[in-house]
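Just so you know, the sequence shown maps onto residues 26 to 399 in my numbering.
Ideal placement from N, C-alpha and C gives every residue a C-beta, glycine not left out.
Notes follow the structure.
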Amino acid sequence: MPGQPAAGATHARGNAAAVAEPFGTAPDGTPVDRWTLSNGPVTVRVLTYGGIVQSVEVPDAGGRVTNVVLGFADLAGYVEHNNPGPYFGALIGRFGNRLAGGRFTVDGRTHQLPLNEGPNTLHGGPEGFDRQVWTTTDVSDGEVAGVRLTLVSPAGHQGFPGTLTTVVTYTLDAASRLTVHYEATTDAPTVVNLTNHTYWNLSGEGSGNVHGHVLQLDAEGYLPIDGTLIPTGEIAPVEGTPFDFRTPTAIGDRLRAGHEQLVRARGYDHTWVLGPTGEEELRRAAVLHDPASGRTLTVATTEPGVQFYSGNFLDGTLVGTGGRVYRQGDGVALETQHFPDSPNQPGFPSTELRPGRTYRSTTVFELPGDVRAG
Ligand code: GLA
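Set out below in structure tokens:
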């Protein structure tokens, strides 16, 4: 019980575990499981369908546990509404965000992907990784609860060259860190840009908008976009704009500022550039704090960018996990990734992957943890 003295200085650990249960059947007949990762006061649920993070239950400052991510109550919700749609909690592949014209060139060969958002391909296409059933294994060890997901995407899947083998590991440790580690290999030159599309509402999913959440983004530059939300190629300084989150600022403070870039995207839907690119060390990207609940989320990543999306397309037509409707701004996504449209942008860090090399990427979501641990 919250507020009661624990056995030691921290919550009794050693209860880290991952448990699978049936969660329905995908449209192609493949059975889907839901994994429950638990460690201390934190519980994370992951679906084998799309590698979707369905729920993240964490305590607030007073020890009250709530689900702080947006999602659907059942598999049908994801199958029917997530793509095209909000991509709640999903693993995104093979290419996060947009590829202009759904086209890119590798080794002089141009590849045309199916288009699923106007003239562009979004989030790996209409049948992206978010709609695949991944195979899973338990990687828990008593201290850490974890599940490893594997997907083999055949050459030509959604138009991409090369057989891509992707392994994503979710682990939940005793310090309430949810780590997402990605690895991918290919048998032919290709491009890859993986991310996770969880939407956070630290007051609890379905509790209203996140405009009062205070956000810090450790970035001096961002990527302006054109009318179809493709980066122009420029890295613009955040200084003096509504894009400056170097000091913690409420999301809603400048959302209606009338800035041309905010009008284009109906809010924030841009990549923030995280310091010098090309480094592979984990560094802090974002801190999201909800004064109402006292909950704080910290995001660290090896990726060069973070897409901060303020839930602009949520329009009151979807009913979430807890039975409440999601409206514009009711959740915020912090998608750590390489820059959108990189293969078509010579100035951006490369997203090419060649045979013999391994794509590696890590993002750590430091969740609100055990209040008794201080
Ligand atoms: C990303 C994109 C947004 C939107 C969402 C999903 O954040 O940048 O424009 O497509 O995914 O709705």
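| query | result |
| --- | --- |
| Buried/exposed call for N40, threshold 16 Cβ in 10 Å | exposed |
| Inter-residue CB distance, V57 and L100 (contact presumed, cutoff 8 Å) | 6 Å |
| Close-in-space but distant-in-sequence residues of the same chain around T383 (CB under 8 Å, 5 per side omitted) | E208, A209, T210 |
| Near the ligand GLA: H106 beta-carbon under 8 Å from a heavy atom | no |
| Coil, strand or helix - Q79 by DSSP | strand |
| Start-to-end residues for the alpha helix (DSSP H) that takes in A43 | Per DSSP, A43 belongs to no alpha helix (DSSP H); it is in the beta strand (DSSP E), 42-50. |
| Minimum C-alpha distance to T175 - residue among T161, N145, G184, L95 | T161 |
| Distance cut-off 8 Å: N122 Cβ against heavy atoms of the ligand GLA | yes |
| Secondary structure of Q183, DSSP reduced to three states | helix |
| Among Q183, D198, R279, the one whose alpha carbon lies nearest that of L140 | Q183 |
| Same chain, Cβ closer than 8 Å to G33, five either side skipped, listed in chain order | Reliability fails at G33, whose pLDDT of 31 lies under 50, so the model's placement of it is uncertain and the value that follows must be treated cautiously. Answer for G33: no residue qualifies. |
| Beta strand (DSSP E) segment containing R134, residue limits | 134-137 |
| Sub-9 Å separation of N145 and T361 beta-carbons | no |
| Any non-hydrogen atom of the ligand GLA closer than 8 Å to D294 Cβ | yes |
| Contact the segment 213-230 vs the segment 130-138: 3+ CB pairs below 8 Å | yes |
| Residue environment, D355, which counts as buried when at least 16 other CB atoms sit within 10 Å | buried |
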